[in-house]
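Residue numbers for the sequence shown follow the working numbering, beginning at 16 and rising by one.
Quick reminder that beta carbons are idealized off the backbone N, C-alpha and C, glycines included.
Here's the structure we're looking at; comments come further down.
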Amino acid sequence: MKKRYLLLVILFIYSCMLTLTSCNKTTVDNNNNVIVNEEISKVDKNGKGIVEPGYENLEKLLDDEAFNKKFQGTVLIADGDEIVFAKAYGYADAEEKIENKLITRFAIASNTKQFTATAIMQLVEQNKISLDETIDKYFPDYKYSNKITVKNLLQMRSGIPDYLNELDLFMRDEDTKNILKEYESNVYYDKYVEDYRWSSEIILKNLYLTELLFEPDEEYDYCNTNYYLLGLIIEEVSGMSFGDYLEEYIFKPCKMESSSIIPLNSDAKGHGSDESGEIVANPEFTYAAGAIYSNIFDLFRWSRKLHKGDIITRKSYEEMITQIDDYGYGLFVKDNIISHSGLIDGFTSNMEYDIKKDRIIIVLENIDSETDNLDAKYHTNLIREYLDEE
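What follows is the structure in C-alpha cells.
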C-alpha cells in the first residue's frame, strides 16, 4: 500500500513538473511574440520606416543604390528583438507606379526551404518521420528510393538531378519531352508552369526514370527536387496539403498573418531591367513558381522563433544548422552566419542570421537582371560589410 502511495506521489510530482515546463514554454513564446509585435508596431509601415541613430550612412548607401536603379524592394535589420532599420524602395508595380511598402509581400523562392526543413523536424519530433529512414515507403516505384534517406534530401546529398535546372537529365519521359518542346519558346510560359512544371504526377513520372548523378551521401549538390519530395512526404505523413500544414503549424504559431503560398493581387510584381538599365515589368514571372509569399515583418517574426528554438526544440534546431559542405537542413551555415537566398524570375531574396551578434538582415527584392549588383544576396553582403566596419 505504501509503495502504491509513493508511486502516486511520484507520478503527481512528475505531472506537475511537465505542466510547469509547458506553461513556462508557453509564457516564453507569448513574451517573445509580444516583444516582437511591439517592435514591429513602432515602425511606420506605410511611410518612411525606421532608421535608428547610427544607421544614417547605411540609409544613404541604400538610397544611392535605389537612385541608381540597382535596388528595389524592402530591407529589415534587427539587433536581437530590436528593429534598427526598415525601409522600402522602388515600385511594387512599375507599370501602375505603385510603390513598395514595408508590408508588401514578395515571392521568397528558395527561402521556402528552411520552412520545409522545419516542418520535417516537427514531424521527426512527433516520431512520425525518421531522418535515417529510406524514402522507399513514400516513393516505392523509384528504383533508388531504398538508397536515399530523408536526411540525404535535407542535406542536398541524394544524387537526384534537379527538375528545374537540369531538365535534360531529369525529364526522361517522352511525353514530357514533347511538352517541353511545345512550350520551349516561352510564348505560353504561364500555361507551361500550370500544366506541367508543378504537377507532382509529372515530376514523379520523370523521377522514376532518372539516374543518380552520384551515390547518395557521397557528394553535395544543390537540388530543388530534394525539397519538392520533402513537401510530398510532409503531405503524406500529416494528411494535410503542404500549404495547410505551413498555415497551421508554422505561420499561426509565429503570428505570420501576411504569409501564404497563395498569391494575392497586392503582392509585388516581378521586374527586370532593360538594356538602358530602366526597371521594367518582368514578362516571364509566374506566381506558380514562388511557393511562399511573405514580407519583412513576418520573416522577422519567423527568424526570431526559429533561431531561439521556439518553433522546434533546441536539439532539432542544432541538428538543422549542423552543416556538411556549408549546408544544413534548408540553410547555409558558414562562419557563424546562417543564411539562405532565393531567386525566381523577377524576384530575389536573402535572409541572414549572425549567431554571435544576434543580428538579422532580411532583403527582399522584386527585380532581377544580368547586370551586376541587382541581387538580394549582394545587398545583404553590402549591408553586413558596412555594419561590421562600423
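| query | result |
| --- | --- |
| Which residues DSSP lists as bridging His-355, in chain order | Met-366 |
| Residue(s) in a DSSP beta bridge with Gly-343 | Note: Gly-343 sits in no beta bridge, so no partner. |
| C-beta contact flag for His-322 and Asn-126 at 8 Å | no |
| When Arg-329, Asp-188, Arg-319, Ile-118 are compared against Met-366, the one with the closest alpha-carbon | Arg-319 |
| Which listed residue (Arg-172, Ile-376, Lys-85, Leu-224) has its alpha carbon closest to that of Asp-190 | Leu-224 |
| Pairwise C-alpha distance: Asn-193 and Arg-316 | 44 Å |
| Cβ neighbour criterion (16 or more within 10 Å) applied to Asn-39 | Residue confidence is low: Asn-39 scores 43 on pLDDT, short of 50, so the model does not pin down where it sits. No coordinate-derived value is stated. |
| Three-state secondary structure (DSSP) of Val-378 | strand |
| Inter-residue Cα distance where the pair is Val-43 and Thr-133 | For Val-43, the predicted model reports a pLDDT of 44, less than 50, meaning its position is unreliable; a value from the coordinates is still stated below. Cα-Cα distance, rounded: 20 Å. |
| For Thr-42, the three-state DSSP class (helix, strand or coil) | Interpretation of Thr-42 is limited by its pLDDT of 43, a score under 50 that renders its predicted location unreliable; the figure taken from the coordinates is listed afterwards. Thr-42: helix per DSSP, three-state reduction. |
| Inter-residue Cα distance where the pair is Ile-370 and Asp-188 | 45 Å |
| Rounded C-alpha distance that separates Glu-71 from Phe-130 | 33 Å |
| Counted within 10 angstroms of its Cβ, other Cβ atoms place Asp-390 as buried (16 or more) or exposed | buried |
| The beta strand (DSSP E) enclosing Ile-276, as first and last residue numbers | That residue, Ile-276, is in no beta strand (DSSP E); it is neither H nor E in DSSP. |
| C-beta atoms of Ala-283 and Asn-381 nearer than 8 Å | yes |
| Same chain, Cβ closer than 6 Å to Ala-103, neighbours up to 5 away in sequence not counted | Thr-89, Asn-115, Lys-116, Leu-117 |
| Inter-residue Cα distance where the pair is Leu-219 and Gly-258 | 20 Å |
| Cutoff 8 Å; reference Val-202; Cβ partners in own chain excluding five residues on either side | The predicted position of Val-202 is uncertain, since its pLDDT is 46 and thus under 50; no value can be drawn from it. |
| Residues that DSSP places opposite Phe-257 in a beta bridge | DSSP output for Phe-257 lists no bridge partner at all. |
| Three-way DSSP call (helix, strand, coil) for Asp-210 in this model | Its pLDDT being 47, under 50, Asp-210 is placed unreliably by the model, and the measurement read from it follows with that caveat. Here Asp-210 sits in helix by DSSP. |
| Sub-8 Å separation of Arg-172 and Glu-234 beta-carbons | yes |
| Assigned secondary structure, Ala-306 (DSSP; H/G/I helix, E/B strand, else coil) | coil |
| Beta-carbon gap between Arg-374 and Ala-81 smaller than 8 Å | no |
| Beta-carbon contacts of Ala-107 that lie in its chain and below 6 Å, excluding the five residues immediately before and after | Ile-113, Asn-115, Thr-119, Ala-283 |
| Of the listed residues Glu-97, Ile-55, Phe-121, Ile-65, nearest to Pro-278 (C-alpha basis) | Phe-121 |
| Nearest residue (CA-CA) to Tyr-159, options Ser-214, Asp-183, Tyr-368, Asp-232 | Asp-232 |
| Closest residue to Tyr-474 among Ile-175, Asp-183, Ser-281 (Cα-Cα distance) | Here the chain has residues from 16 to 405 only, and residue 474 is not among them. |
| Distance between Glu-226 and Ala-124 (C-alpha atoms, nearest Å) | 26 Å |
| Of the residues Leu-314, Ile-398, Asp-403, Tyr-344, the one placed nearest Ile-55, counting alpha carbons only | Leu-314 |
| Reduced DSSP secondary structure (H/G/I, E/B, other) of Ser-191 | The sequence shown places Thr at residue 191, not Ser. Helix at Thr-191. |
| Residue(s) in a DSSP beta bridge with Gly-9 | No answer is possible for residue 9: it lies beyond the span of the chain, which begins at 16 and ends at 405. |
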